[in-house]
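Remarks on the structure that follows.
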Amino acid sequence: MSIPISTATAAYGQAQKLISQATKSTPEIAPDLNTGSGFSDMLAQNLTSVIEAGQASDQKSMEMVNGNANIVDVVTAIAETEVAIESMVAIRDRVIKAYEEIMRMPI
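According to the numbering used here, the residues represented by the sequence shown are -3 to 103, in order.
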């Protein structure tokens, strides 16, 4: 199963648009006093790094298809993308767990 390049590019563009909208409209929750960045900025940075890793692995894959890249570089780029996605999923799971705990607290 292969995904057309235009579909992948559109997905990356849509994700970038969602990140920029979320960081503009979401107020900072407990901003870090030392750096001035908040929780939403941290999530946006992590999501951006996942998108960039995905784009890099797509680029390496296309280079390999064209005969311009080494298989080791492609496998490394895909592994980095996988680690970034797994990290983002772990963060998401922790946020959901924390939200559920807050919702169970008595008022």
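C-beta atoms are modelled at their ideal positions from N, C-alpha and C, and glycine is treated no differently.
Being a predicted model, the structure only gives us computed values, none of them experimental.
In the three-state scheme derived from DSSP, where H, G and I count as helix and E and B as strand, Ile87 is classed as helix. Inter-residue distance for Glu82 and Ile103 is about 34 Å (C-alpha atoms, whole angstroms). Cβ atoms of Val46 and Ala80 come within 8 Å of each other, at about 4 Å. An exposed status is given to Gly63, since fewer than 16 other beta-carbon atoms sit within 10 Å of its beta-carbon.
In the structure shown, Ile103 falls within a coil segment according to DSSP collapsed to helix, strand and coil.
The residue among Asp69, Met84, Ile98, Gly34 with its C-alpha nearest the C-alpha of Ser53 is Asp69. If you compare the alpha carbons of Met99, Arg88, Glu76 with that of Ser36, the shortest gap goes to Arg88. Looking from the CA of Ala49, the closest CA among Glu97, Val85, Met58, Glu78 belongs to Glu78.
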